[in-house]
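Under the working numbering, the first residue of the sequence shown carries the number 344, and numbering increases by one thereafter.
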Amino acid sequence: MNNNCHNTTPQTRRRVLLAASATLAIAGVLGGMSAHAQGNPRAIAPAEWEKVLAAARKEGKVVVYTTTAPAAHARLKADFDKAYPGIVLEPVRLIGAQINVKLEQERQIANVDGGDTMITSE
344 MNNNCHNTTP
354 QTRRRVLLAA
364 SATLAIAGVL
374 GGMSAHAQGN
384 PRAIAPAEWE
394 KVLAAARKEG
404 KVVVYTTTAP
414 AAHARLKADF
424 DKAYPGIVLE
434 PVRLIGAQIN
444 VKLEQERQIA
454 NVDGGDTMIT
464 SE
């Protein structure tokens, strides 16, 4: 990974944000984001996490595709906003075949600015 997050490509930032936001989503669901990360031997190193946060701040938002109910979005967004001010969490609800269609469209289009991660209840 490029040490200067300001020179990364959209695809690289998306991959980094995907890993980061998936970690955040899982930690948020399990409760206590920082407590979970501290107890997880696979947690990202602090220096690497700062790179992820810098890239996310530069982009300004993290787009999360989700199948969960809108009520869950509000809680996830509130927890994320407290933990990461300056980065907007944008949940996008996609259900059923919508998910596959959206992901396939993004896979086929170069430099698309799509979702960073996905949370599913299925």
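Ideal placement from N, C-alpha and C gives every residue a C-beta, glycine not left out.
Express the C-alpha separation of residue j and residue i in angstroms, rounding to a whole number.
{"i": "Arg400", "j": "Glu391", "result": "14 angstroms"}
{"i": "Tyr408", "j": "Glu393", "result": "23 angstroms"}
{"i": "Leu396", "j": "Ala426", "result": "11 angstroms"}
{"i": "Glu433", "j": "Met461", "result": "11 angstroms"}
{"i": "Asn454", "j": "Ile430", "result": "21 angstroms"}
{"i": "Leu446", "j": "Pro389", "result": "30 angstroms"}
{"i": "Gly439", "j": "Ala421", "result": "26 angstroms"}
{"i": "Thr463", "j": "Gly403", "result": "23 angstroms"}
{"i": "Val444", "j": "Arg418", "result": "27 angstroms"}
{"i": "Gln451", "j": "Ala414", "result": "32 angstroms"}
{"i": "Phe423", "j": "Glu449", "result": "25 angstroms"}
{"i": "Ala412", "j": "Arg436", "result": "8 angstroms"}
{"i": "Ala398", "j": "Asp459", "result": "12 angstroms"}
What are the start and end residues of the beta strand (DSSP E) that includes residue i?
{"i": "Thr409", "result": "404-409"}
Check this for me: beta carbons of residue i and residue j, under 8 angstroms apart or not?
{"i": "Val405", "j": "Gly457", "result": "no"}
{"i": "Thr410", "j": "Ile442", "result": "yes"}
Given 7 angstroms as the limit, tell me if residue i has its C-beta closer than that to any heavy atom belonging to the ligand NAP.
{"i": "Glu447", "result": "The model on display carries no ligand, and the ligand NAP is accordingly not part of it."}
- [ ] Only counting runs of 4 or more residues, tell me where the alpha helix (DSSP H) segments fall wholly within the region 421-459, in order along the chain.
- [x] 440-451
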